[in-house]
Amino acid sequence: MEVRLRVFAMLRERLGASNVSLALPEGSTVSDLLKAVERRYPRLLKGVSPLLIAVNAEYVEGSFPLSDRDEVALVPPVSGGVGR
Amino acid sequence: MEVRLRVFAMLRERLGASNVSLALPEGSTVSDLLKAVERRYPRLLKGVSPLLIAVNAEYVEGSFPLSDRDEVALVPPVSGGVGR
Amino acid sequence: MILVTRDPLDPEAITAEVRSEACGGVVTFLGTTRNETDGRRVVSLEYEAYEGMAEKILERVAQEVRERWGVDRLAIAHRLGRLELGEVSLVVAVASPHRAEAFAACQYVVGRLKQDVPIWKKEVFEDGEVWVGAETSRHPSTVV
Amino acid sequence: MILVTRDPLDPEAITAEVRSEACGGVVTFLGTTRNETDGRRVVSLEYEAYEGMAEKILERVAQEVRERWGVDRLAIAHRLGRLELGEVSLVVAVASPHRAEAFAACQYVVGRLKQDVPIWKKEVFEDGEVWVGAETSRHPSTVV
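Sequence lines, in order, name chains A, B, C and D.
Sequential numbering of the first sequence, starting at 2, is according to my numbering.
Sequential numbering of the second sequence, starting at 2, is according to my numbering.
Sequential numbering of the third sequence, starting at -6, is according to my numbering.
Sequential numbering of the fourth sequence, starting at -6, is according to my numbering.
Printed below as a string of structure tokens:
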């Protein structure tokens, strides 16, 4: 199956793109996807913690099972509003 | 001595004036003034509680000694701003 | 800025006055005329102040805010006279580098106006009127 | 009203939208661009969002506010893109019959934006830039 990976903020800058397509074995979970991302982009997630994952714009756990054409977003720490 | 009595809100409406001159014996305190006010206007302060007193625009206690030409304000419960 | 005035208030101008490039946030409170109190329909409001003293006490409130929260970009504006429904009676604007201080200081100032700042409000109903805080509800026939 | 937009925000219009004759008070928070962070001079800011999801989460925040404080006159507007110093990045406006609820709800919403609403801020300094919350200060030479 193939999912669309969306990245934001420093992840987008590091990747040099805001989204990329990723092929995964059938039955892959979010945790499997993260391992695949780390193999393909070893430095992408370095030091980014906590990292949340959203599938089709809903936050999910690592055990969440992915489906073909899912939109998977890597969500680094947010900082909306003002101040730090 | 003579002081100027200033009244506000329902006190002003009850008195029918926003200020009035009051003659007091030398050495009178704020408590003495309140007694004089009650003698002269028996219904003015009825049910108005708590009543604060300001002399020359500063809140004072009952024992505060008055001087000629002082401006004495009778301050009924305030309700600035909004809501109750 | 402390302002007690019979003129309409301009919340945007008052907020703009406290904003600064050193402050990340501005908290503004607008007090407006409510259309009912305890189920009775309010027609209009009237505010009255011991002018001079009200401003003096508000300056003191501003000083308290400076000492307690280190906030010195503060504006308090209170309108006097007759106000129609929906009109703005009060603007409190506080800017601070940190938002928690701005919220706390703004809320404190609004609360202080219920304590010893000599400003009074009369609610005018269709069938009577009452000075808030000092009288129970009063109909024209029972006026002293 | 939930708004995540690249256009400049109009705080007065947003505040006006939540005001009502049934509400005695409106609390508004304006987030503006600060000119320094930890002593370093900020030149400009850049906000980025996962659009669609950010709005969805903000709708959920509004729902939480309704349930917790019974407040349903609420507006949240967040600006995206490059902002100059002093520009407004965030407007949260809450109207409520009782002021304590308005203050609490407004402060809650501002705090929630630091939790899981997918909006990010980059601070641009004279000599570098940093994505707030996710990176330690970074100079051009150390960019990955």
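Glycine included, C-beta positions come from ideal geometry on N, C-alpha and C.
Pairwise C-beta distances place the stretch 119 to 127 of chain C out of contact with the stretch 49 to 57 of chain D, as fewer than three of them are shorter than 8 angstroms. Distance between D:Ala93 and D:Val64, taken at the CA atoms: about 11 angstroms.
C:Arg27 is not a Cβ neighbour of C:Phe118, given a cutoff of 8 angstroms. Between the stretch 6 to 18 of chain C and the stretch 28 to 45 of chain B there are fewer than three inter-stretch CB-CB distances shorter than 8 angstroms, so the stretches are not counted as touching.
Within the stretch 97 to 124 of chain D, Val103, Leu106, Lys107, Gln108, Asp109, Val110, Pro111, Ile112, Trp113, Lys114, Lys115 and Trp124 place their CB atoms closer than 8 angstroms to a CB of chain A, listed in sequence order.
In this chain, C:Arg61 is not harboured by any beta strand (DSSP E); it is covered by the alpha helix (DSSP H) spanning Met46 to Trp62. Assigned with DSSP and collapsed to three states, A:Leu12 falls in helix. The DSSP-derived three-state label of D:Leu(-4) is strand.
According to the DSSP assignment, B:Ser32 belongs to the alpha helix (DSSP H) that extends over Val31 to Arg41. From the listed residues B:Ser19, B:Ser68 and B:Gly63, the smallest Cα separation to B:Glu27 is found for B:Ser68. The distance from the Cβ of B:Ser64 to that of B:Ser32 is about 7 angstroms, consistent with a contact at the 8 angstroms cut-off. For D:Gly24, the chain A residues whose C-beta falls within less than 7 angstroms of its own C-beta are Gly82 and Val83, listed in chain order.
Buried is the label assigned to C:Thr25, since at least 16 other Cβ atoms lie within 10 Å of its Cβ. Secondary structure at D:Pro4: helix, using DSSP grouped into helix, strand and coil.
Secondary structure at B:Glu62: coil, using DSSP grouped into helix, strand and coil. For the pair D:Val20 and C:Val20, the CB atoms are nearer than the 8 angstroms cut-off. By a beta-carbon distance limit of 8 angstroms, C:Glu41 does not contact C:Ile(-5). Their separation comes to about 17 angstroms.
Sorting A:Leu25, A:Gly17, A:Pro43 and A:Val8 by C-alpha distance to the C-alpha of A:Pro78 places A:Val8 at the top. Within the same chain, Pro111 come within 8 angstroms of D:Met46 by CB-CB distance, once the 5 residues on both sides are set aside. At a cut-off of 8 angstroms between C-beta atoms, A:Phe65 does not count as an interface residue with respect to chain D. Runs of the beta strand (DSSP E) lying entirely within the stretch 60 to 124 of chain D, each at least 3 residues long, are 66 to 72, 74 to 77, 81 to 89, 112 to 118 and 121 to 124 in chain order. Considering only beta carbons, no part of the stretch -4 to 14 of chain C lies closer than 8 angstroms to chain B.
When the beta-carbon positions are compared, B:Ser19 and B:Arg13 come within less than 8 angstroms of each other.
Excluding five sequence positions before and after D:Glu77, the CB atoms of its chain that fall closer than 6 angstroms to its own CB belong to Ser37, given in chain order. With respect to chain D, the C-beta atom of A:Pro43 has no partner C-beta closer than 8 angstroms. Non-local C-beta neighbours of B:Ser29 in its own chain, meaning closer than 6 angstroms and more than five positions away in sequence, comprise Leu67, ordered along the chain.
The Cβ-Cβ distance between A:Leu34 and A:Val4 falls below 8 angstroms. Against C:His71, the close residues of chain B are Gly81 and Gly82, in the order they occur along the chain (beta-carbon pairs closer than 9 angstroms). In this structure, DSSP gives A:Val73 an extended state, which the three-state scheme calls strand.
For C:Glu41, the uninterrupted beta strand (DSSP E) run begins and ends at Arg33 to Ala42, by DSSP. Under the 8 angstroms criterion on CB atoms, A:Leu53 is classed as interfacial with respect to chain D. By the Cβ-count criterion, B:Leu52 is exposed, with fewer than 16 other Cβ atoms from all chains shown falling within 10 Å of its own Cβ.
Cβ-Cβ distances below 8 angstroms link A:Leu25 to Met2, Glu3, Val4, Asp33, Leu34, Ala37 and Leu67 in the same chain, with the five nearest sequence neighbours on each side left out; the list follows chain order. In the structure shown, the three-state DSSP call for C:Glu10 is helix.
Going by DSSP, A:Leu23 is part of the beta strand (DSSP E) stretching over Asn20 to Ala24. Under the DSSP definition of a beta bridge, C:Thr25 partners with C:Val81.
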